[in-house]
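**Q** This structure is in structure tokens; I'll ask about it shortly.
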Amino acid sequence: MTGKIQAKAHLTRERVCELLRSLLRIRRFEEKCAELYTTEKIRGFLHLYIGEEAIAAGIIPVLEPQDAVVATYREHGHALARGIAMGPLMAEMFGKQEGCSRGRGGSMHVFDAATRFYGGNAIVGGGLPLAVGLALADRMQGRNNVTACFFGEGAVAEGEFHESMNLAALWRLPVLFVCENNLYAMGTALAISESETDIHRKAESYRMPAAVVDGMDVIAVEAAGRKAIELVRGGAGPAFLECRTYRFRAHSMFDAQLYRSKDEVEAWREKCPIEHLKTWALGAGLLHAEETAQIEGEVAREVAAAVAFAEAGTWEPVGDLARDVHSPGALA
Amino acid sequence: MTTDQGGTVATVTYRDAVRMALQDALRRDPRVFLMGEDVGRYGGCYAVSKGLLDEFGPERIRDTPLSEGGFVGAGIGAALGGMRPIVEVMTVNFSMLCLDQILNTAATLRHMSGGQFSVPLVIRMATGAGRQLAAQHSHSLENWYAHIPGIRVLAPATVEDARGMLWSGLVDPDPVIIFENVMLYNMSGELAEDAGGVAIDRAALRRRGRDLSLITYGGSLWKTLGAARQLAGEGIEADVIDLRSLRPLDDATIMESVARTRRAVIVDESWRSGSLAAEITARIVEQCFWSLDAPVARVCTAEVPIPYPKHLEDAALPQPAAIVAAARAVMGR
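Here it is as structure tokens:
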């Protein structure tokens, strides 16, 4: 794989451990969320990113602190990769006021001003115009920031996708569009919803540089992400990255998965981004088995502490119901 | 002409007043920019932004493609990113294409982020019928927007408000939608040249009477004032309330008037079912029931798509004759 061979030269042991830790934090956090869903600690919709972790873990750490991130309702991985602490994230899942959105958003609406994390947008395609506007504001104010906008391949069928691609390209705005192509828009397969299934080709029609990458390979994603972010920050306008990936779990917790075969799921599980990285790094001598165990242990402790933090969190008083509908003092 | 304070007063059209407000905002605050379909080179569909491109350039008077969802959403993003965008949606008729962004993003971001992000965005839209533009270009959907918590909805009916509400709306840290009735753009009025912002959360008593309260907003204000003059000739003196703010509604001004006159007629250029007139009626019943001497009456648009022929369009919309008739009926005459 070219991305890996190119990247290998400057991959240090530390970097491999960081990537593994990043993937594992998302995986173990979400496995715990699924468990907590069955015990009704977490309610509402819960969309797990399991299987797709390499995309957020590969791209987001390449961003600078002043850059912006716009994500979807399947955004726990992006939030963790961006540096939102696991405790407040878990408290948000619980709906506690110690959550990163004060509990008002839940799983689908994670926000964080400190890391410029703009959701947590749960209308498919709705986050794309927002990313265009954030980039427009950066451009108009002379800030050399990048806005990374993550969305699934289902969003590509929406008008807002095309409107946003056109606006970003027309105005040469610094947006990195990242399509997480997991092949299913809820239960609708790409092949029965799109006339052009090579998604990156749509971006090319907007005269936007576009690439496709194996979204199960964190090293390849990181290399492609780095290249695209450099391009965008260099003032070339927006860029587009299609990451081919797969959701191992159901769409949400209410999905019987009638639309895909167990064989297909199993075949993709074989490409698990965590196992993939571990096998390769162990073989390349960049990782030792005991380091893997150590990281696993540390992540398990972090998840346990996050759950404890959320459990210890408090419920917002009902008297605060009308809070944050308007800015303080703006409206009675 | 001079004001009491010695300032200069000029006669301007409503269109001029909006343009002056835009100019003022663009000059005062470098974060302000105007974005929308045909706002630049064309000069605005209703010629509101004519000349602004020359003064402020294409970055700040930004022509957009026909992408209401895209550019309203971009306005929201730009507001989050520190700008103070004014987004013009050519008319309310096209705003269904950006309703998702207004309802699901602009109005919810502050709340679902736990108060971390606010959206200081102003959206302007033309609204209303009366120009024989038929069923798809004659809507009055202000009440749809007034239904949504998290946004402020304004309807300037005078040149003073056309100028002042934009500035006050820009100062508001939350999303504001301003509806400009298409029949008002050519209307003239007197405006102090140093006119600034206006209060945006109060209704205005435009005429003081004693016998009944006529409650209205936007383009219907002038028809209602005409009806009030006719009623005065018959010895019926009406309060005329201009709501100005459709969300929030200024209950205090409405109830003060109705408690005093004991009768109310609401004039609203939208379809009756689920209208703002229905909401105001409910509030009067809730808050002033024991003061009422007659059932509350409504004059709304007939529940048909707006027809093209002038005589049928006129028949569909609230007109002074219907307002007078409704007023007489609640007076028992």
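First to last, the protein sequences are chains A and B. Here our numbering is used: position 180 in the first sequence is 180, and no number is missing along the way. Here our numbering is used: position 22 in the second sequence is 22, and no number is missing along the way. We put the CB at the ideal spot given by N, CA and C, even for glycine. Keep in mind that this is a model prediction, so the values were computed, not measured.
Taking only beta-carbon atoms, is glutamine 141 of chain A less than 9 Å away from chain B?
**A** To locate residue 141 of chain A, count along the first sequence from 1; it is residue 141. Interface residue, yes.
**Q** Can you name the residues of chain B whose CB is closer than 8 Å to the CB of glycine 105 of chain A?
**A** Position 105 of the first sequence, counted from the first residue, corresponds to residue 105 of chain A. What glycine 105 of chain A touches in chain B: Met112, Ser113 and Gly114.
**Q** For a cutoff of 9 Å on Cβ pairs, would you count serine 118 of chain B as touching chain A?
**A** Looking up residue 118 of chain B in the second sequence gives position 118. Taking Cβ atoms only, chain A reaches closer than 9 Å to serine 118 of chain B, which makes this a yes.
**Q** Between the stretch 169 to 180 of chain B and the stretch 249 to 268 of chain B, are three or more C-beta pairs nearer than 8 Å?
**A** As far as the Cβ criterion goes, the stretch 169 to 180 of chain B does not touch the stretch 249 to 268 of chain B, which means the pair count is below three.
**Q** For the alpha helix (DSSP H) containing tryptophan 268 of chain A, list its first residue and its last residue.
**A** To locate residue 268 of chain A, count along the first sequence from 1; it is residue 268. Tryptophan 268 of chain A -> alpha helix (DSSP H) spans 262 to 269.
**Q** By Cβ distance below 7 Å, which residues in the same chain neighbour lysine 96 of chain A in space, the five residues on each side in sequence not counted?
**A** Looking up residue 96 of chain A in the first sequence gives position 96. Answer for lysine 96 of chain A: Gly103, Ala310, Gly313, Thr314 and Trp315, listed in chain order.
**Q** Along the chain, where does the alpha helix (DSSP H) that runs through arginine 82 of chain A open and close?
**A** Numbered from its first residue, the first sequence carries residue 82 of chain A at position 82. Per DSSP, arginine 82 of chain A belongs to the alpha helix (DSSP H) from 76 to 82.
**Q** I want to know whether the stretch 110 to 117 of chain B touches the stretch 102 to 117 of chain A - three or more CB-CB distances under 8 Å.
**A** Contact between the stretch 110 to 117 of chain B and the stretch 102 to 117 of chain A is present, because at least three Cβ pairs lie under 8 Å.
**Q** Beta strand (DSSP E) containing methionine 186 of chain A: first to last residue?
**A** Taking the first sequence and counting its residues from 1, the one referred to as residue 186 of chain A is at position 186. Note, methionine 186 of chain A: premise wrong, no beta strand (DSSP E); not H, not E.
**Q** Check whether chain B comes within 9 Å of arginine 166 of chain A, counting only Cβ atoms and requiring the distance to be less than that.
**A** Along the first sequence, read from residue 1 onward, the residue named residue 166 of chain A stands at position 166. Inspection of the sequence shows that residue 166 of chain A is occupied by asparagine rather than by arginine. Asparagine 166 of chain A counts as touching chain B.
**Q** Using 9 Å as the limit for Cβ to Cβ distance, is glycine 3 of chain A near chain B?
**A** Here residue 3 of chain A refers to the residue found at position 3 when the first sequence is read from its first residue. Because glycine 3 of chain A sits at a pLDDT of 46, beneath the cut-off of 50, its placement in the model cannot be relied upon, and the following sentence gives the value as read from the coordinates. Glycine 3 of chain A does not count as touching chain B.
**Q** Which complete alpha helix (DSSP H) runs does the stretch 68 to 129 of chain B hold, if anything under 4 residues is left out?
**A** The qualifying runs are 68 to 80 and 109 to 112.
**Q** Can you check whether the C-beta of alanine 74 of chain B is within less than 9 Å of a C-beta belonging to chain A?
**A** As a working mapping, residue 74 of chain B is identified with position 74 in the second sequence. Taking Cβ atoms only, chain A reaches closer than 9 Å to alanine 74 of chain B, which makes this a yes.
**Q** Under the three-state reduction of DSSP, which class applies to aspartate 16 of chain B: helix, strand or coil?
**A** Taking the first residue of the second sequence as position 1, residue 16 of chain B is located at position 16. Helix at aspartate 16 of chain B.
**Q** For the alpha helix (DSSP H) holding tryptophan 315 of chain A, just list the boundary residues, first then last.
**A** The sequence position of residue 315 of chain A within the first sequence is 315, counting from 1. Tryptophan 315 of chain A -> no alpha helix (DSSP H), and no H or E assigned at all.
**Q** Is there a C-beta anywhere in chain A that falls below 9 Å from the one on glutamate 59 of chain B?
**A** As a first step, residue 59 of chain B is located in the second sequence; it is residue number 59 there, counting from the start. At least one chain A Cβ lies under 9 Å of glutamate 59 of chain B.
**Q** What residues in its chain sit with their C-beta under 8 Å from that of glutamine 319 of chain B, if we drop five residues either side in the sequence?
**A** Counting from 1 along the second sequence, the entry for residue 319 of chain B is found at position 319. Cβ neighbours of glutamine 319 of chain B beyond the five flanking positions: Lys223.
**Q** Counting pairs of beta carbons, one from the stretch 40 to 50 of chain A and one from the stretch 236 to 244 of chain A, are three or more of them closer than 8 Å?
**A** Judged by Cβ distances under 8 Å, the stretch 40 to 50 of chain A makes no contact with the stretch 236 to 244 of chain A, as fewer than three pairs qualify.
**Q** Say whether the stretch 13 to 26 of chain A touches the stretch 75 to 95 of chain A, bearing in mind that this needs 3 or more beta-carbon pairs closer than 8 Å, one atom from each stretch.
**A** Taking 8 Å as the limit for Cβ pairs, the verdict is that the stretch 75 to 95 of chain A does touch the stretch 13 to 26 of chain A.
**Q** Might you give, ordered along the chain, the residues of its own chain that have their beta carbon closer than 6 Å to the beta carbon of glycine 225 of chain A, omitting 5 neighbours on each side?
**A** Position 225 of the first sequence holds residue 225 of chain A. Counting only Cβ-Cβ distances below 6 Å, and skipping sequence neighbours, we find Gly58, Ile59 and Val62.
**Q** Please report how far the alpha carbon of arginine 207 of chain A lies from the alpha carbon of glycine 125 of chain A, in whole angstroms.
**A** Here the question's residue 207 of chain A lines up with position 207 in the first sequence. Here the question's residue 125 of chain A lines up with position 125 in the first sequence. If you take the alpha carbons of arginine 207 of chain A and glycine 125 of chain A, they lie about 20 Å apart.
**Q** Excluding sequence positions up to five away, which residues of its chain have a Cβ less than 6 Å from the Cβ of valine 18 of chain B?
**A** Taking the second sequence and counting its residues from 1, the one referred to as residue 18 of chain B is at position 18. Cβ neighbours of valine 18 of chain B beyond the five flanking positions: Val48 and Ala162.
**Q** Looking only at its own chain, which residues have a Cβ that is under 8 Å from the Cβ of lysine 334 of chain A, when we skip the five neighbours before and after it?
**A** Look at the range of chain A in this structure, 1 to 332, and you will see that residue 334 of chain A is not part of it.
**Q** Compare the C-alpha of glutamate 52 of chain A against each of A:Ile199, A:His251, A:Ala113 and A:Phe94 and name the closest.
**A** What you label residue 52 of chain A is simply residue 52 of the first sequence in a count that begins at 1. When each option's Cα is compared against that of glutamate 52 of chain A, the closest is A:His251.
**Q** Would you be able to state if there are at least three C-beta pairs under 8 Å between the stretch 86 to 102 of chain B and the stretch 143 to 153 of chain A?
**A** Counting Cβ pairs under 8 Å, fewer than three are found: no touch.
**Q** Taking Cβ-Cβ distances shorter than 8 Å, what residues in chain A pair up with glycine 69 of chain B?
**A** What you label residue 69 of chain B is simply residue 69 of the second sequence in a count that begins at 1. Near glycine 69 of chain B (Cβ distances below 8 Å), the residues of chain A are Pro129, Gly159, Glu160 and Glu163.
**Q** Are valine 12 of chain B and methionine 20 of chain B touching if we call contact CB-CB under 9 Å?
**A** Indexing the second sequence from 1 puts residue 12 of chain B at position 12. Indexing the second sequence from 1 puts residue 20 of chain B at position 20. Yes, the Cβ-Cβ distance between valine 12 of chain B and methionine 20 of chain B is below 9 Å.
**Q** Starting from threonine 356 of chain B, find everything on chain A with Cβ-Cβ shorter than 8 Å and list it in chain order.
**A** The structure shown does not extend to residue 356 of chain B, since chain B spans only 1 to 333, so no value can be given for it.
**Q** Check whether the stretch 189 to 201 of chain A touches the stretch 214 to 225 of chain A, counting contact only when three or more Cβ pairs, one atom from each stretch, lie closer than 8 Å.
**A** No contact exists between the stretch 189 to 201 of chain A and the stretch 214 to 225 of chain A.
**Q** Classify proline 156 of chain B as buried or exposed, calling it buried when 16 or more other Cβ atoms lie within 10 Å of its own Cβ.
**A** As a first step, residue 156 of chain B is located in the second sequence; it is residue number 156 there, counting from the start. Flag for proline 156 of chain B reads buried.
**Q** Which of the residues in the stretch 138 to 150 of chain B, read from start to end, lie with their CB under 8 Å from any CB of chain A?
**A** Of all residues in the stretch 138 to 150 of chain B, Pro149 and Gly150 have a Cβ within less than 8 Å of some Cβ in chain A.
**Q** If the criterion is Cβ atoms closer than 9 Å, does the pair glycine 57 of chain B and aspartate 138 of chain A meet it?
**A** As a working mapping, residue 57 of chain B is identified with position 57 in the second sequence. As a working mapping, residue 138 of chain A is identified with position 138 in the first sequence. No.
**Q** In terms of alpha-carbon separation, which member of B:Glu234, B:Ile177 and B:Arg206 lies closest to leucine 225 of chain B?
**A** Along the second sequence, read from residue 1 onward, the residue named residue 225 of chain B stands at position 225. The shortest C-alpha separation from leucine 225 of chain B is found at B:Arg206.
**Q** What's the call for leucine 321 of chain A, buried or exposed, on a 16-neighbour Cβ count within 10 Å?
**A** One-based indexing of the first sequence puts residue 321 of chain A at position 321. The residue is exposed, with fewer than 16 neighbouring Cβ atoms inside 10 Å.
**Q** Helix, strand or coil for serine 205 of chain A per DSSP?
**A** Counting from one through the first sequence, the residue named residue 205 of chain A turns up at place 205. Of the three classes helix, strand and coil, the one that applies to serine 205 of chain A here is helix, per DSSP.
**Q** Cβ atoms of glutamate 180 of chain A and glycine 127 of chain A: under 9 Å apart, would you say?
**A** One-based indexing of the first sequence puts residue 127 of chain A at position 127. One-based indexing of the first sequence puts residue 180 of chain A at position 180. Not in contact: glycine 127 of chain A and glutamate 180 of chain A (Cβ atoms no closer than 9 Å).
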